[in-house]
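S.K.: Just so we're aligned: the sequence shown equals residues 1 to 128 in my numbering. Before anything else, here's the structure in question.
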Amino acid sequence: QSIKLWDIRNMSNAIVSLQGHQSDIYQLQWNPTFPSLLSSCGADRRVIISDISRLGTTQQQTPLQSSQQTNYTEQQSSQSRPETFFVHGGHTGKVSEHSWSSSCANLVASVAEDNHLQIWQPARSIDY
Numbered sequence: 001q002s003i004k005l006w007d008i009r010n011m012s013n014a015i016v017s018l019q020g021h022q023s024d025i026y027q028l029q030w031n032p033t034f035p036s037l038l039s040s041c042g043a044d045r046r047v048i049i050s051d052i053s054r055l056g057t058t059q060q061q062t063p064l065q066s067s068q069q070t071n072y073t074e075q076q077s078s079q080s081r082p083e084t085f086f087v088h089g090g091h092t093g094k095v096s097e098h099s100w101s102s103s104c105a106n107l108v109a110s111v112a113e114d115n116h117l118q119i120w121q122p123a124r125s126i127d128y
C-alpha cells in the first residue's frame with residue numbers, strides 16, 4: 001500500500017508516494033512539533049514514521065533500528081527507503097489508531113485491535 005500526498009493547487013498528480021505498509025493503512029497523523037514527520041498505522045501491525053524532508057536523498061549508511069526484529073525482510077524493505085524514519089513493529093494485532101504526544105515530540109501511543117495500548121519512542125532521536 002502507499003500514501004499519496006498532493007499539492008492542493010494542482011490535484012492532477014500526487015507529488016509524493018510513500019511506500020512501506022504491506023496491507024491496508026488505517027490512519028495518518030502529522031507530528032505536531034516536527035511538520036516533516038508523518039506517521040501511519042495499519043493492518044500490517046506496524047506504525048511507520050516517514051520524514052518527507054528526506055525524499056530524494058540517498059540512504060544513510062547505518063540501517064534504522066526497529067522496536068521489534070520480527071519479519072526482518074519486510075522491515076528491511078521499508079527501512080531501505082531514505083524517507084523511512086522509524087518502523088514500530090511491536091504489535092501483534094492490526095494497529096487501528098495512533099497518536100503523537102502533544103507535550104513530548106517523540107512519544108507515540110498506538111493501539112491494536114487486540115486492545116493492547118503501547119506507548120513508545122523511536123529508537124532514533126528526533127533532533128531537527
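Where a beta carbon is used, it is the ideal one built from N, C-alpha and C, also for glycine.
Beta-carbon within less than 8 Å of Ser12's beta-carbon, same chain only, minus the 5 sequence neighbours each way: which residues are those?
M.R.: none
S.K.: Within a Cβ cutoff of 7 Å, which residues of the same chain sit near Trp6, ignoring the five residues on either side of it in sequence?
M.R.: Within the same chain, Trp6 has close Cβ partners Ala14 and Ile15.
S.K.: Rounding to the nearest angstrom, what Cα-Cα distance links Ile126 and Ser101 in this structure?
M.R.: For Ile126 and Ser101, the distance between alpha carbons rounds to 13 Å.
S.K.: Could you work out which residue in Ile3, Asn10, Ser50 and Leu117 is closest to Arg81 when comparing CA atoms only?
M.R.: Of the candidates Ile3, Asn10, Ser50 and Leu117, the one whose C-alpha sits nearest the C-alpha of Arg81 is Ser50.
S.K.: Going by the DSSP bridge assignment, what does Trp30 pair with across the sheet?
M.R.: Paired residue(s): Leu38.
S.K.: Going by CA-CA distance only, name the one from Ile119, Val111, Gln118 and Ser99 that's closest to Thr33.
M.R.: Ranking Ile119, Val111, Gln118 and Ser99 by Cα distance to Thr33 puts Ser99 first.
S.K.: Under 7 Å Cβ to Cβ from Ser2, same chain only, skipping five residues before and after it: list those, please.
M.R.: Ser17, Leu18 and Gln19
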